[in-house]
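The sequence shown runs 1 to 245 under full-length UniProt numbering.
Beta carbons are placed, not taken as given, at the ideal position from N, Cα and C, and that holds for glycine.
What follows is a set of notes on a single structure, which appears directly below.
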Amino acid sequence: MRITPIAIPVLALLLSGCNAAQTQPQSGEGSANPAADAQSRPSSSESSPESSQNPAPSGRNNANAEMAGAIQTGFDQLSGRLTLLQEQVLQIRSSNQQLREQNQMLLNRLELLTRTQPEDSAAEGEMSADAGGTEQLDAAIGQLMQILNQAELPSGSGQGQFGLATTYTQGGDWVLLRYDRSTGETWMAEFGDWQLISEELPPENSLYDIQISRADRNTAGYVAVRIDLNSGRSWWLNGKRWQEY
Numbered sequence: 001m002r003i004t005p006i007a008i009p010v011l012a013l014l015l016s017g018c019n020a021a022q023t024q025p026q027s028g029e030g031s032a033n034p035a036a037d038a039q040s041r042p043s044s045s046e047s048s049p050e051s052s053q054n055p056a057p058s059g060r061n062n063a064n065a066e067m068a069g070a071i072q073t074g075f076d077q078l079s080g081r082l083t084l085l086q087e088q089v090l091q092i093r094s095s096n097q098q099l100r101e102q103n104q105m106l107l108n109r110l111e112l113l114t115r116t117q118p119e120d121s122a123a124e125g126e127m128s129a130d131a132g133g134t135e136q137l138d139a140a141i142g143q144l145m146q147i148l149n150q151a152e153l154p155s156g157s158g159q160g161q162f163g164l165a166t167t168y169t170q171g172g173d174w175v176l177l178r179y180d181r182s183t184g185e186t187w188m189a190e191f192g193d194w195q196l197i198s199e200e201l202p203p204e205n206s207l208y209d210i211q212i213s214r215a216d217r218n219t220a221g222y223v224a225v226r227i228d229l230n231s232g233r234s235w236w237l238n239g240k241r242w243q244e245y
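Below, the structure written as structure tokens:
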């Protein structure tokens, strides 16, 4: 077969065209990958705001923890104050109980002294015995005043404005006194009514306490004393009048 000179260039062109056609799909596949990458990029950018919002719940948890800590601290402080208040109430009750025991002990001693006075048939002996009994009675009253004066009763310890003092005489008479703790005014129950006990001088506003006890050798059959717990001034009941002691 004879090949002409013109056929050689034509054959070269055909071969180069075939090579170009085979390489075009590869370039197309290379250009498709950037489009897929471009579509995948927005999804990653869209997921970033969600990830940026994740720290918000942790901030709320911290605020709740701080609030719970503040509430617990408040409860602890309130519990401590309640405990202190209970201790103060117990201390006041203990002081009042101790004072009542001391008063009862002294009143029993005073009653014993009034019951054990010796009797003498002679007039002179009776006068000396009465004098000795009066001295012992005065000493007992003075000791009662000293205990009341030394007692530590806090003002406003839960007691009301008024108080009562009562006893029975040897004859079975019931003696009942009502008094105002702040003014010292005193009333005696007689004939179904309260009779005001007179004063040498009107007492000042303070904190008062009254004690009464049976006294068989006293003409009235009882002995009553009053004390100002703040100043220490004291009185004894002479009939229907307070007389300073």
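Contact between the region 196 to 212 and the region 231 to 243 is present: three or more C-beta pairs spanning the two stretches fall below 8 Å.
GLY163: member of the beta strand (DSSP E) spanning 162 to 168, first to last residue. In terms of Cβ geometry, THR186 and LEU177 form a close pair [threshold 8 Å]. ASN230 and ASP209 have their C-alpha atoms roughly 11 Å apart. Here the C-alpha atom of GLU66 lies approximately 37 Å from the C-alpha atom of LEU90. Excluding residues up to 5 positions away in sequence, LEU177, ILE210, ILE212 lie with their Cβ nearer than 6 Å to the Cβ of ALA165 in the same chain.
Taking the CA atoms as reference points, ALA215 sits about 8 Å from GLN170. Each of GLN88, LEU207, ALA220, SER206 was checked against the Cα of GLY172, and the nearest Cα belongs to ALA220.
If you draw a straight line from the Cα of ARG109 to the Cα of ALA70, it comes to about 59 Å. Here SER234 carries a strand assignment [DSSP, helix/strand/coil]. By the Cβ neighbour-count rule, LEU237 is buried, with 16 or more other Cβ atoms within 10 Å of its own. Secondary-structure assignment with DSSP links VAL89 through no beta bridge to anything. With distances taken between CA atoms, THR167 lies nearest to ALA189 out of GLU204, LEU85, ALA63, ALA189.
Of all alpha-carbon atoms in GLY192, SER182, LEU107, PHE162, the one lying nearest the alpha-carbon of PRO202 is that of SER182. In the three-state reduction of the DSSP assignment, ALA224 falls in the strand class, which pools E and B. With 16 or more other Cβ atoms from the protein chains shown falling within 10 Å of its own Cβ, LEU106 counts as buried. In the three-state reduction of the DSSP assignment, ALA65 falls in the helix class, which pools H, G and I. Beta bridge pairing from DSSP links ILE212 with ALA224. A residue is called buried when at least 16 other Cβ atoms come within 10 angstroms of its Cβ; GLY184 meets this threshold and is buried. Sequence-distant partners of GLN161 (beyond 5 residues in either direction) whose C-beta falls short of 8 Å from its own C-beta, in its chain, are ASP180, ARG181, SER182. Separation of ASN62 and GLY74 (C-alpha to C-alpha, rounded to the nearest whole angstrom) is 19 Å. A distance below 6 Å between beta-carbons, with the five flanking residues on each side excluded, links GLN97 to no residue of its chain. If you look at GLU204, you'll find it isn't in any beta strand (DSSP E); DSSP assigns it neither H nor E.
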